[in-house]
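Enquirer: Numbering (the numbering used here), first residue to last: 1 to 235.
Here a beta-carbon is modelled for each residue, glycine too, at the ideal position from N, C-alpha and C.
Being a predicted model, the structure only gives us computed values, none of them experimental.
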Amino acid sequence: MLVEVWSSGHLDALAVLSIVAAVRLAIGGRRHAAVAVLGLGTLVKLYPATLLLLLLDGSGVAPLATFALVVVAGYAPFAHLGLGALGSLPQYVTTEFFNPGLVRTLIDSPATTMLALGAWVVLVPLLTRGASFVARVIVLVGGIIVASPNIFPWYVLPLVPFLAVRPSAAWIGFTGTVAFAYTFFLGQPWAIPVWARVVEFLPLVVGAGWALKPYVGADRREWLIARPVRGGGQQ
């Protein structure tokens, strides 16, 4: 946090603040206020908008109108720029290449990456019902980070506040090992060494293996049996 926000001056601190505040308001049942705050965060960085469906879950379309109103009001002064208001976003999605995420590592196609991200944003709110709200946020945000076109170390900042509430050794480890992406600058030409990529994702691989351990050797029918969710409350 000190390196990426205080030292590097990234605005993600404001976006993270909006996400945390929005989630807290949503847990308290104040959906309109939650999506309004999320809209303010979206005006700083686009990624807070990925939590919209999760915050809207079961709330109807009225809060969606609140979110849209905040975002439109924020962009209105820049309407004359057209798509230029998006800045370097098109370039980031198509041509920027730094520490590629899982999808882009397997299939170097911007369209495929964006499709996978969109599917994740839509499906997670549906498939995680019954889990605690914070756990759902961790699953959603964590998946978005791993599947992003590029994974810059400061992308993990939105996870940190929620990991303080629901600790996960795998994700906490990843928030540290992702810094190995900076080995990109150690050699010429610039590239992340293979060993650094392995170290970077090792906590998530170990965590995934541990999570799948109960299913190894189990009858396939048992895969379909719903298992109790820890911390099934609303925090």
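Tell me which residues share the same chain as A179 and place their Cβ nearer than 7 Å to its Cβ, disregarding the 5 neighbours each side in the sequence.
Expert: Here residue 179 is taken as the residue at index 179 of the sequence shown, counted from 1. If we look at A179 and ignore the five residues flanking it on each side, its Cβ neighbours are P153.
Enquirer: Counting beta carbon pairs with one atom in the region 159-177 and one in the region 72-91, are three or more of them shorter than 8 Å?
Expert: Touching, no.
Enquirer: From S132 to A15, what does the alpha carbon distance come to, in whole angstroms?
Expert: Within the sequence shown, numbered from 1, the residue matching residue 132 stands at position 132. Within the sequence shown, numbered from 1, the residue matching residue 15 stands at position 15. Going from the Cα of S132 to the Cα of A15 covers about 22 Å.
Enquirer: Measuring CB to CB, does A170 end up less than 8 Å from V206?
Expert: Taking the sequence shown and counting its residues from 1, the one referred to as residue 170 is at position 170. Taking the sequence shown and counting its residues from 1, the one referred to as residue 206 is at position 206. Cβ atoms of A170 and V206: closer than 8 Å.
Enquirer: Rounded to the nearest angstrom, what separates V194 and N99 at their Cα positions?
Expert: Taking the first residue of the sequence shown as 1, we reach residue 194 at position 194. Taking the first residue of the sequence shown as 1, we reach residue 99 at position 99. Taking the straight line from one Cα to the other gives about 11 Å.
Enquirer: Quick check on D108: buried or exposed, where buried means 16 or more other Cβ atoms within 10 Å of its Cβ?
Expert: Your numbering for residue 108 matches position 108 in the sequence shown. The residue in question, D108, is exposed, as its Cβ has fewer than 16 Cβ neighbours within 10 Å.
Enquirer: Round the Cβ separation of V121 and R166 to the nearest angstrom and send it over; I've been treating them as touching at under 8 Å.
Expert: Taking the first residue of the sequence shown as 1, we reach residue 121 at position 121. Taking the first residue of the sequence shown as 1, we reach residue 166 at position 166. The Cβ separation is near 20 Å, so there is no contact.
Enquirer: Write down the C-beta distance between S59 and R30 rounded to the nearest angstrom, noting that I regard them as a contact closer than 8 Å.
Expert: In the sequence shown, counting from the first residue as 1, residue 59 sits at position 59. In the sequence shown, counting from the first residue as 1, residue 30 sits at position 30. With a Cβ gap of about 11 Å, S59 and R30 do not count as contacting.
Enquirer: Who are the near neighbours of F162 in its chain, counting only those whose CB is closer than 6 Å to its CB and skipping five residues on each side?
Expert: For the purposes of this step, residue 162 is identified with residue 162 of the sequence shown, where counting begins at 1. Answer for F162: V134, V137 and I138, listed in chain order.
Enquirer: Quick test of your reading: T42 and A36, contact by CB under 8 Å. State the CB separation rounded to the nearest angstrom.
Expert: Translated into the one-based positions of the sequence shown, residue 42 becomes position 42. Translated into the one-based positions of the sequence shown, residue 36 becomes position 36. Incorrect: roughly 11 Å between the Cβ atoms, too far for contact.
Enquirer: Report the option in S88, I144 and L186 whose CA atom is closest to the CA atom of S159.
Expert: By 1-based counting over the sequence shown, the position of residue 159 is 159. Per the sequence shown, residue 159 should be read as Leu rather than Ser. When only C-alpha atoms are compared, the closest one is I144.
Enquirer: Count the other CB atoms, across all protein chains shown, that sit within 10 Å of the CB of Y215; report buried if there are 16 or more and exposed otherwise.
Expert: On the sequence shown, residue 215 is found 215 positions in, with the first residue counted as 1. Per the 10 Å Cβ criterion, exposed.
Enquirer: Cα-Cα, which of L83, G82 and L52 is closest to A68?
Expert: In the sequence shown, the residue the question calls residue 68 occupies position 68. Of the listed residues, the one whose Cα sits closest to A68 is L52.
Enquirer: Here's the rule: buried if 16 or more other CB atoms are within 10 angstroms of the residue's CB, otherwise exposed. What is S168?
Expert: Residue mapping note: residue 168 aligns to position 168 of the sequence shown, counting from 1. Under this definition S168 is a buried residue.
Enquirer: Quick one: what's got a C-beta closer than 7 Å to L17's C-beta in the same chain, skipping five residues either side?
Expert: The residue given as residue 17 occupies position 17 in the sequence shown. For L17, where only same-chain residues beyond five positions count, there are no Cβ hits under 7 Å.
Enquirer: What is the DSSP secondary structure of A33, counted as helix, strand or coil?
Expert: For the purposes of this step, residue 33 is identified with residue 33 of the sequence shown, where counting begins at 1. Correct three-state label for A33: helix.
Enquirer: Give the DSSP-derived three-state secondary structure of A226 in the structure shown.
Expert: Taking the sequence shown and counting its residues from 1, the one referred to as residue 226 is at position 226. At A226 the pLDDT is 46, less than 50, meaning the model places this residue with poor confidence; the figure from the coordinates comes in the next sentence. The answer is coil: DSSP assigns A226 none of H, G, I, E or B.
Enquirer: Give the list of continuous alpha helix (DSSP H) stretches no shorter than 4 residues that lie fully inside the region 134-159.
Expert: Complete alpha helix (DSSP H) runs here, min 4: none at all.
Enquirer: Alpha helix (DSSP H) containing P110: first to last residue?
Expert: Looking up residue 110 in the sequence shown gives position 110. P110 -> alpha helix (DSSP H) spans P110 to L127.
Enquirer: Alpha carbon to alpha carbon, how far is L46 from L157? Give it in angstroms, no decimals.
Expert: Taking the first residue of the sequence shown as 1, we reach residue 157 at position 157. Taking the first residue of the sequence shown as 1, we reach residue 46 at position 46. Taking the straight line from one Cα to the other gives about 14 Å.
Enquirer: Could you round the C-beta distance between A26 and L64 to whole angstroms and report it? I think they count as a contact, below 8 Å.
Expert: As a first step, residue 26 must be located in the sequence shown, where it is residue number 26. As a first step, residue 64 must be located in the sequence shown, where it is residue number 64. The Cβ separation is near 13 Å, so there is no contact.
Enquirer: Pick out whichever of V103, L38 and P90 has its Cα sitting closest to the Cα of V71.
Expert: By one-based count along the sequence shown, residue 71 stands at place 71. Looking at the Cα atoms, L38 is the closest of the given residues.
Enquirer: Look at D57 and P125 and say whether their C-beta atoms are less than 8 Å apart.
Expert: Along the sequence shown, read from residue 1 onward, the residue named residue 57 stands at position 57. Along the sequence shown, read from residue 1 onward, the residue named residue 125 stands at position 125. In contact: D57 and P125 (Cβ atoms closer than 8 Å).
Enquirer: Which whole-angstrom value is the C-beta distance of V103 and A119, which I expect to be below 8 Å?
Expert: In the sequence shown, residue 103 corresponds to position 103, counting from 1. In the sequence shown, residue 119 corresponds to position 119, counting from 1. With a Cβ gap of about 10 Å, V103 and A119 do not count as contacting.
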